[in-house]
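I have placed the structure first, in the form of structure tokens, so that the comments after it can refer back to it.
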Ligand SMILES: [Zn+2]
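Numbering (my numbering), first residue to last: 6 to 301.
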């Protein structure tokens, strides 16, 4: 079976008001055994968001594939890449997303071999409630990174790159991992020597944490109260085409590169809360920011 030569067309960036962002018909391009008795299916288009092993902030969608009146659960949705000869999946993908000569594909994983065949028309349906909770969490995560950057801006003694709102980009300089959870996010930042060398003052941070948390919370509540629309801008329909999260905030329009899913408006978030905690990871100081919101 030939492997696809172009990216999977992804429908999840269309946003929740477009039904195809959650359920859509598609044509099967490739089927093969995968792992322990499982099977993978490649389609020409899909509403299912895959986890990207290179930066796994937003996990896979949950959902089903309906083929020939038989519905099967998606046990995973992964990012894959093919050079036309081999298909690499998840952590085995050897190239960066968007590399010339490669097609980037959404890999739908089934628990067991199916009767799905190349050329079949199937319907993929995503679990809407789980998607919504991840979209709430992901939009909140972007807002919180901007609010954190603003709250610690006075700790920088040297110039570093600015964030989308013109504050020193602490998030970019210090992020270790970012995890989107239902209706929230967990970001871990490294407070290491290299960050201090770049000019960030970590002294007295522990004692200042409550004040920083309160500043972030107040900023987030102000922003959420504006009900500002959120848009996903994209340069093409393919999986690896650049996409941007765009939100008009009182302090300016924020535009952040992002491959995930988002709410359509900040009116969908309420009751925002934030915690900050310092810690230690094998001798390196860390700062963990946990955010949550109620979907509205
Ligand atoms: Zn993002």
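All C-beta atoms in this analysis are idealised placements derived from N, C-alpha and C, irrespective of residue type, glycine included.
Going by CA-CA distance only, name the one from the options that's closest to residue i.
i: residue 120; options: 93, 38, 106; result: 38
i: residue 30; options: 89, 139, 14; result: 14
i: residue 292; options: 214, 35, 63, 186; result: 214
i: residue 48; options: 283, 58, 148, 70; result: 70
i: residue 171; options: 184, 299, 156; result: 156
i: residue 124; options: 257, 255, 8; result: 8
i: residue 258; options: 151, 97, 51; result: 151
i: residue 112; options: 12, 207, 208, 202; result: 12
i: residue 287; options: 174, 197, 162, 183; result: 197
i: residue 75; options: 106, 128, 204, 220; result: 128
i: residue 162; options: 176, 289, 205, 241; result: 205
i: residue 43; options: 97, 80, 99; result: 80
i: residue 107; options: 89, 118, 239; result: 89
Give the DSSP-derived three-state secondary structure of residue i in the structure shown.
i: residue 182; result: strand
i: residue 250; result: strand
i: residue 58; result: coil
i: residue 25; result: helix
i: residue 199; result: helix
i: residue 140; result: helix
i: residue 213; result: helix
i: residue 221; result: helix
i: residue 67; result: coil
i: residue 243; result: strand
i: residue 150; result: helix
i: residue 95; result: helix
i: residue 114; result: strand
i: residue 35; result: strand
i: residue 159; result: helix
i: residue 176; result: helix
i: residue 43; result: strand
i: residue 105; result: coil
i: residue 19; result: helix
i: residue 133; result: helix
i: residue 226; result: helix
i: residue 298; result: strand
Thinking residue i and residue j are a contact (beta carbons under 8 Å), I'd like their distance in whole angstroms, please.
i: residue 22; j: residue 269; result: 6 Å
i: residue 103; j: residue 94; result: Incorrect: roughly 17 Å between the Cβ atoms, too far for contact.
i: residue 126; j: residue 32; result: 6 Å
i: residue 188; j: residue 59; result: Going by Cβ atoms, the distance from residue 188 to residue 59 rounds to 25 Å, so no, they are not a contact pair.
i: residue 131; j: residue 28; result: 7 Å
i: residue 53; j: residue 68; result: 6 Å
i: residue 245; j: residue 109; result: 4 Å
i: residue 17; j: residue 224; result: Rounded, the Cβ-Cβ distance is 28 Å, inconsistent with contact.
i: residue 78; j: residue 116; result: 7 Å
i: residue 4; j: residue 133; result: No answer is possible for residue 4: the residues shown for the chain start at 6 and end at 301.
i: residue 200; j: residue 283; result: 13 Å between Cβ atoms; not a contact.
i: residue 83; j: residue 56; result: 6 Å
Check whether the Cβ of residue i sits closer than 8 Å to any heavy atom of ligand 2, and report yes or no.
i: residue 178; result: For the structure depicted, ligand 2 is absent and the ligand set comprises only ligand 1.
Inset, instruction - Please write down, chain order preserved, every residue whose beta carbon lies under 5 Å from a heavy atom of ligand 1. - result: Ordered by chain, the residues meeting the criterion of a beta-carbon within less than 5 Å of a non-hydrogen atom of ligand 1 are 263, 265.
Inset, instruction - Taking 8 Å as the threshold, find out whether the region 266–280 comes into contact with the region 163–176 through three or more Cβ pairs. - result: Between the region 266–280 and the region 163–176 there are fewer than three inter-stretch CB-CB distances shorter than 8 Å, so the stretches are not counted as touching.
Legend entry - Stretch pair the region 138–154 + the region 248–264: three plus CB contacts closer than 8 Å: yes
Inset, instruction - Inspect the CB distances between the region 179–194 and the region 221–235 and report whether three or more fall short of 8 Å. - result: no
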